[in-house]
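Asks:
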Amino acid sequence: MPTRRVVTGRSQEPRKRFAEELKLLRTDRGLSLRKLGEALGWDWSLFSKMEKGETVGGPEVVQALDQYYGTATTLLALWELAVGDPAQFKERYQQYMRLESEAVSLWHYAVSVLPGLLQTGEYARALLSTGGMNGDELTRQVEARIGRRDLLSGDGAPPFRTILSETVLRTPLENRNEWRDQLEYLLLISERRNITIHVVPHSVGLFALMNTQTMFLRLADGRTVAWVETAHSGELVEEAAAVEQLQASYDQVRDLSLSPVESRKFIVSTLEEASCEPST
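Take the sequence shown: its letters are residues 1 to 280, numbered as in my numbering.
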């Protein structure tokens with residue numbers, strides 16, 4: 001196969017190419033980041049991060065840029081390629097992991113599986129295996145996930161609050177002994193001063209975030225960022241207005257959730273039900 005010719009000399013990586021095009025369009029018009037922010041009504045720092053490749057922004061801001069520059073849907077098309085590039089997930093997740101280690105407080109909503117910070121080794125192994133991971137790589141990933149739990153241990157550990165959808169507790173492991181171990185671990189870790197666990201029962205009906213696994217991180221500089229994840233991708237949300245909207249939804253879910261005491265009773269009941277079932 002002949003070597004692909006590079007005509008423009010610009011990056012062939014979707015995320016970098018998107019960032020390059022944004023900067024080129026702005027500088028060709030002699031605009032400063034502040035002037036661009038004033039023209040479009042967004043904080044100029046968002047455009048700075050987009051041009052550095054630190055974030056790709058959301059579709060609304062990209063559509064606004066297309067309209068402002070008169071580029072039809074060119075930027076939106078490049079944005080879609082950048083968002084869909086699987087190579088970027090690892091990069092974004094590494095950035096998230098760094099921020100997680102620096103967070104002064106964390107709060108979380110779980111759609112269907114337990115957060116990694118609360119998983120036992122057996123739970124982590126079973127979950128990662130469903131994605132096709134196996135062998136040495138599976139062992140390394142399980143060890144890495146269990147190592148993350150140290151973040152919530154020891155003096156100075158940050159406060160962590162999680163809201164678990166009832167679905168999380170109604171989706172057991174195939175091995176019932178391992179499932180009981182996981183539930184017992186939840187009860188044990190909920191006794192720590194810095195850890196608060198809520199359950200939002202199915203009986204509350206539809207609610208915000210019910211399909212959006214989300215982790216919020218409060219950083220030392222006072223900023224809050226969010227990590228929004230699906231089974232196939234994740235996105236680090238840093239833009240203040242977007243984070244604030246996610247937090248408002250989280251507050252609604254928290255209002256619907258059981259208290260920590262009632263949530264603990266719910267987990268105990270789930271453990272008792274699991275203990276009555278035969279082991280496999």
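For every residue, glycine included, the Cβ atom is placed at its ideal position computed from N, Cα and C.
What do you get for Val61, buried or exposed, if any count of 16 or more other CB atoms within 10 angstroms of its CB means buried?
Replies: So Val61 ends up on the buried side.
Asks: With H, G and I counted as helix, E and B as strand and the rest as coil, what does DSSP make of Pro2?
Replies: Low confidence applies to Pro2: its pLDDT is 47, below 50, so where it sits in the model is not reliable, and the reading given next is rough at best. The answer is coil: DSSP assigns Pro2 none of H, G, I, E or B.
Asks: State the CB to CB distance for the pair Gly58 and Ala242, rounded to an integer number of angstroms; the pair is presumed to be in contact (CB under 8 Å).
Replies: Correct: roughly 7 Å between the Cβ atoms.
Asks: Have a look at Leu164, Gly121, Gly154 and Gly156 and flag the residue whose alpha-carbon is nearest the alpha-carbon of Ala144.
Replies: For Ala144, the nearest C-alpha among the options comes from Gly121.
Asks: List the DSSP bridge partners of Tyr109.
Replies: Note: Tyr109 sits in a beta bridge opposite Ile163 and Thr214.
Asks: Between the C-alpha atoms of Leu36 and Arg170, what's the straight-line distance to the nearest angstrom?
Replies: In a straight line, the C-alpha of Leu36 is about 49 Å away from that of Arg170.
Asks: In three-state terms, what does DSSP make of Val237?
Replies: If DSSP states are grouped into helix, strand and coil, Val237 belongs with the strands.
Asks: Count the CB pairs spanning the region 70-82 and the region 13-28 that are closer than 8 Å, and state whether there are at least three.
Replies: Result yes; three or more Cβ-Cβ pairs closer than 8 Å.
Asks: If I measure Cβ to Cβ from Ser249 and keep anything under 6 Å in the same chain, skipping five residues before and after, which residues do I get?
Replies: Closer than 6 Å at Cβ, skipping near neighbours: Ala208 and Leu209.
Asks: Is the separation between the beta-carbon of Trp179 and that of Leu187 shorter than 7 Å?
Replies: Cβ atoms of Trp179 and Leu187: not closer than 7 Å.
Asks: Given a threshold of 16 other Cβ atoms within 10 Å of its Cβ, counted over all protein chains shown, does Asp66 qualify as buried or as exposed?
Replies: Asp66 should be labelled buried.
Asks: So the alpha helix (DSSP H) Ala64 belongs to, where does it begin and stop?
Replies: Pro59 to Tyr69 is the span of the alpha helix (DSSP H), which, as asked, contains Ala64.
Asks: Do you know whose CA, among Val104, Arg193, Ser105 and Ala126, lies nearest Leu114's CA?
Replies: Checking every option, the nearest Cα to that of Leu114 belongs to Ala126.
Asks: Go to Thr270, then tell me how far its alpha helix (DSSP H) extends in each direction, as first and last residue.
Replies: Its alpha helix (DSSP H) spans residues Pro260 to Cys276.
Asks: Return yes when the C-beta of Gly147 is under 6 Å from any heavy atom of the ligand COA, and no when it is not.
Replies: The model on display carries no ligand, and the ligand COA is accordingly not part of it.
Asks: Could you name the residues of the same chain whose beta carbon sits closer than 6 Å to that of Met215, not counting the 5 residues immediately before and after it, in chain order?
Replies: Here the set comprises His108 and Trp227.
Asks: Which term fits Ser129, buried or exposed, when burial requires 16 or more other beta carbons within 10 angstroms of its beta carbon?
Replies: Looking at its Cβ environment, which holds fewer than 16 other Cβ atoms inside 10 Å, Ser129 is exposed.
Asks: CA-CA distance, Asn194 and Gln119?
Replies: Their Cα atoms are separated by approximately 17 Å.
Asks: Could you give the distance in angstroms between the alpha-carbon of Ser275 and the alpha-carbon of Asn175?
Replies: Their backbone Cα atoms lie some 12 Å apart in a straight line.
Asks: Return the chain-ordered list of same chain residues with a C-beta closer than 7 Å to the C-beta of Asn134, the five sequence neighbours on each side being excluded.
Replies: Counting only Cβ-Cβ distances below 7 Å, and skipping sequence neighbours, we find nothing.
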